[in-house]
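Novice: Add 7 to the 1-based position in the sequence shown for this note's numbering, that's all there is to it.
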Amino acid sequence: MSFETVIHLIQSASVLVVAALLLALLGSRLDRRPLTRRLVIGLIFGIAGFLSMAGPLEILPGILLDARSVVIALSAGFGGIVGVTVTAAIVIAVRLWIDSGALPGVVGIVVTALGGALYWYFTARHRPLKFQDLVALGLVATLLPLPTLLLLPKETALLLVKDALPFTLPINFAATILMGLLVLGDRQRRWALSSMKDAVERLQGVTDNAPGMFFQQKISPDGKPTLLFVSKGVERLLGVSPEDFVNGSIDPMSRVPDAYKEEVTAKLRQAAVNSTAWDLETPYYMSNGSEIWLRGQAQPRQDDNGQTLWEGFLIDITAQKQAEQMKNEFISTVSHELRTPLTSIRGSLGLITGGAAGELPPKAKTLLQIAQANSERLVRLINDILDMERIESGRMPFHIQAYGLRHLIDQAVEANSGYFNEHSIGWTIKDNAPGAEVLVDSDRFHQVMNNLLSNAIKFSPAGGDVSISLDSRPKSIRVSVSDRGPGIPEAFRTRIFGKFEQADSSDTKQKGGTGLGLSISKAIAERLGGALSFESQAGQGTTFYVDVPIAEQIELQAPLVTEGWDRVLVVEDDHDVARLIKILLQDEGIDCDIAHGVASAKRLIRENNYKAITLDIRLAGESGIEVFRDLRANKATEHLPVVVISAIVDEARAAINGSALGVVDWIQKPVDPERFALAIRKACQTSAGKPRILHIEDDLSVREVIAAAIGDDVSIDGVTTSAEALERLAGNNYSTVILDLSLPDGSGADLLPFIPTGTAVIIFSAMDISEALKQQVTAALTKTRTTEIDVAKVIRDVMAKSVASRTPEKT
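1) Taking the beta strand (DSSP E) that residue 395 belongs to, which residues open and close that run?
2) When you compare each of 589, 625, 184 and 576 to residue 609 by their alpha carbons, which one comes out closest?
3) Quick test of your reading: residue 684 and residue 591, contact by CB under 8 Å. State the CB separation rounded to the nearest angstrom.
4) Residue 220 and residue 244: beta carbons closer than 7 Å?
5) Whose CA, out of 750, 744 and 607, lies closest to the CA of residue 801?
6) With three or more beta-carbon pairs closer than 8 Å as the criterion, would you say the region 720-731 touches the region 696-708?
7) Quick check on this structure: which residue in 804, 364 and 433 has the alpha carbon closest to the alpha carbon of residue 461?
8) Output yes or no for whether 7 Å exceeds the beta carbon distance between residue 769 and residue 785.
9) Under three-state DSSP, which class holds residue 27?
10) Could you say which of 617, 603, 638 and 643 lies nearest to residue 629 if we only look at CA atoms?
11) Assuming residue 89 and residue 45 make a contact with CB atoms under 8 Å, what is their CB distance in whole Å?
12) Residues in its own chain within less than 6 Å of residue 25 by CB, not counting five upstream and five downstream?
13) Can you list, in chain order, the residues of its chain whose CB lies under 7 Å from that of residue 482, leaving out five sequence neighbours each side?
14) Of the residues 238, 389 and 152, which one's Cα is nearest the Cα of residue 214?
15) In the DSSP assignment, the alpha helix (DSSP H) including residue 267 goes from what residue to what residue?
16) Is the beta carbon of residue 712 less than 7 Å from the beta carbon of residue 382?
17) Residue 617 to residue 431, Cα distance in whole Å?
18) Is residue 759 near the ligand GDP - that is, is its Cβ less than 6 Å away from at least one heavy atom of it?
19) Under 6 Å Cβ to Cβ from residue 115, same chain only, skipping five residues before and after it: list those, please.
20) Where does residue 579 fall in DSSP's three states?
21) Drop a sphere of 10 angstroms on the beta-carbon of residue 128, count the other beta-carbons inside from all chains shown, and report buried for 16 or more, exposed for fewer.
22) For residue 441, count neighbouring Cβ atoms within 10 angstroms of its own Cβ and tell me buried if that reaches 16, exposed if not.
23) Hey, would you say residue 477 sits closer than 7 Å to residue 450, going by beta carbons?
24) Which residues does DSSP list as the beta-bridge partners of residue 702?
25) Using three-state DSSP, classify residue 33 as helix, strand or coil.
26) Using DSSP bridges, identify the partner residues of residue 348.
27) Grouping DSSP H, G and I as helix and E and B as strand, with all else coil, what is residue 644?
28) What residue from 547, 542, 553 and 548 has the CA that sits closest to residue 529's CA?
29) Is it right to say residue 435 is buried, meaning 16 or more other beta carbons lie within 10 angstroms of its own, or is it exposed?
30) For the alpha helix (DSSP H) containing residue 104, name the first residue and the last one.
31) Going by the DSSP bridge assignment, what does residue 303 pair with across the sheet?
32) Between which two residues does the alpha helix (DSSP H) carrying residue 595 extend?
33) Is DSSP giving residue 503 helix, strand or coil here?
34) With distances taken between CB atoms, is the gap from residue 353 to residue 322 smaller than 7 Å?
35) Let's see if you can read the secondary structure: which residues bound the beta strand (DSSP E) around residue 542?
36) For the alpha helix (DSSP H) containing residue 43, list its first residue and its last residue.
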């Protein structure tokens, strides 16, 4: 290859590179005007062809080499039919202007243009060009001009085939691909940038218009968040601009209420320390002072520098919170307004059918029994609906402790013994896990067992048996309840734990029920850390399995002995004060034991029964509160009267707080002998005459039913409002107070501080009773969940314990 040939090839390559640069300069400017764009592309390639043909390389006498085929093929690929037409027209005009061998040259141009146009139309019209398209266009530029050799003189054609084509064909093919790669690379770069821009715009549109706001933040180890990005949704959500948060003009924590700041900071601090996700709900103050509720979630990721960032969202859940509040208020109202009249209806019917109003005519008795059965059915429906709502909302409390499983099973069977007898069904218990202890909430576990046993009884044939078995598993105990009934229909088994689901057979519907029992039982079993499942065979019966977690072995407390009933225990670390109290007790004719520390006090309480205890809260290096709480946690001493004698009475009241029932008096040191004597007499006195009960209830019918159920050997005062109750409490001594929480002029719970210490308090209300409130009273019963007869029994038991706890044993 001569030096002149190399220089010419470089010039031709420069022309093609210039064309590629012009196309790059064109970029995406005319993308929205495709016809104009193709015209411009055709013009650029036409100019490149013109420049190439203006200085051709003569490879043989009269035979010129230029880049016309290359620019025509590429014009077809990038400019389509319009582009290749423009380019071909320019190249043909140049060829005619040169005039030498015009006919074969023009035919070659037309054939190449036509071939490139057809390839684009049928192959690449609706998609971007790829490398294989450049190969095909290279073949178009190289091979399609060959038939024009037939238009040349034979000698010239043979000379071209022999001496020119081996040189021109590879050059045209390679030039087409290389030039195409230059243009294609730039186009792909622009496509990538355009796609990224579109993606960013789409993402920006989504984040800006989505409910709530999106953010990116970093969190310092102390839980302080720094926002790096905030979407425009913050303008709608919080009424501030994204820049206000990002540049630090507004501290995101500054508008969190003080009561929630520590909780929010603690969650963010934990996320920062552990590089974990966070999820929280909090109130938030708007710039106008109004308050909304926000929920936020964020997931951590590491950026290119290894720094942990959290990306997430905030949404407004104010409407959800308001709906929850309305729902809670509705449930509370429904609970009270349905349970209260049902209490009167069911109680009255139960008393009448039980003979409280005398012998009834058979027909009247039958009608009343029908009414009573349906009132019980309505009660079960209301209770099940309220239970289901509490479980779903997470408001059903669970107090899981270790219990002996066999004892719980015996209690459940005993509670259903009447139902067993009514249906003439027997039962067997097979205990394959003797002594097993499980971690459960006893009340909720009984709720599950009562449902399973009642179902087994209902579906067992008369004279049949219900089998109960206890079996050990690796980490749980399985309780099985089996009946020999008709079994569960195959089509119903997948729906058996759904709400309000009942088998469709008429026989099953005759058994009654709400269709919520198994759904509630399954939810309770799972909340207890266990499971509820079943097996059933048509015509042979059904077995339900309750799996409950095993508890670790617990050391049982030694049984109490019954010596020392006429004594008082003095818990006091100061020996002089202890001797003074002993003298004061002796003046009242009472003997005492003295404990100077917590350990000795606990030992004496275990070994003896006492009339009362005097207790100093602050002992040497120890706390008397521990003794007090042990007393209240032990069934045998939970009602034992206590006289607190302390130099820090106010602190003692605050420390004991809700457990203060049973504290007869709080005496400040130095001890006032007269007040001490009065408190000891009150603690040790024996009840005389009829016990007096104050019943605080706004529904007269409920008071009348309870009074009838308790009987005439007690004196009951009934009041309707909190104001009336305060007047009665101020001027009378009552052994027991029965308290409804929902009163016309306020909450019954507000009366607790005004009820004298040592008075038994029984809450009997349609409202759900919190665990904190239960800890402050002697008993807590819910209307419709406890029959009026049972309420009367609880009241009598409480009064009996109160008397027994204050009455010395006669010898």
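Built from N, CA and C at the ideal position, the CB exists for glycine as well.
The structure presented is a predicted model; accordingly, all values stated were derived computationally and were not measured.
Specialist: Once the coordinates are examined:
1) Unbroken run through residue 395 is the alpha helix (DSSP H), 369-400; no beta strand (DSSP E).
2) 576
3) So it is a contact: roughly 7 Å between Cβ atoms.
4) yes
5) 744
6) Cβ pair count under 8 Å is three or more, so yes.
7) 433
8) Yes, Cβ-Cβ distance for residue 769 and residue 785 is below 7 Å.
9) helix
10) Checked all of 617, 603, 638 and 643; the closest Cα to residue 629 is 603.
11) 4 Å
12) Excluding residues within five positions, none has a Cβ falling inside 6 Å.
13) 556 and 557
14) 238
15) 265-281
16) Taking a C-beta distance under 7 Å as the contact criterion, residue 712 and residue 382 do not qualify as a contact pair.
17) The alpha-carbon atoms of residue 617 and residue 431 are separated by roughly 47 Å.
18) Looking for the ligand GDP in the displayed structure turns up nothing, as the structure carries no ligands at all.
19) So the list reads 152 and 155, once near-sequence residues are dropped.
20) coil
21) exposed
22) exposed
23) Contact: no.
24) 725 and 745
25) helix
26) Its beta-bridge partners do not exist; DSSP assigns none.
27) coil
28) Checked all of 547, 542, 553 and 548; the closest Cα to residue 529 is 553.
29) When all chains shown are included, residue 435 counts as exposed.
30) 75-105
31) 287 and 321
32) Neither: residue 595 is in no alpha helix (DSSP H) and is coded neither H nor E.
33) coil
34) With contacts defined by Cβ atoms closer than 7 Å, residue 353 and residue 322 do not form a contacting pair.
35) 538-544
36) 41-61
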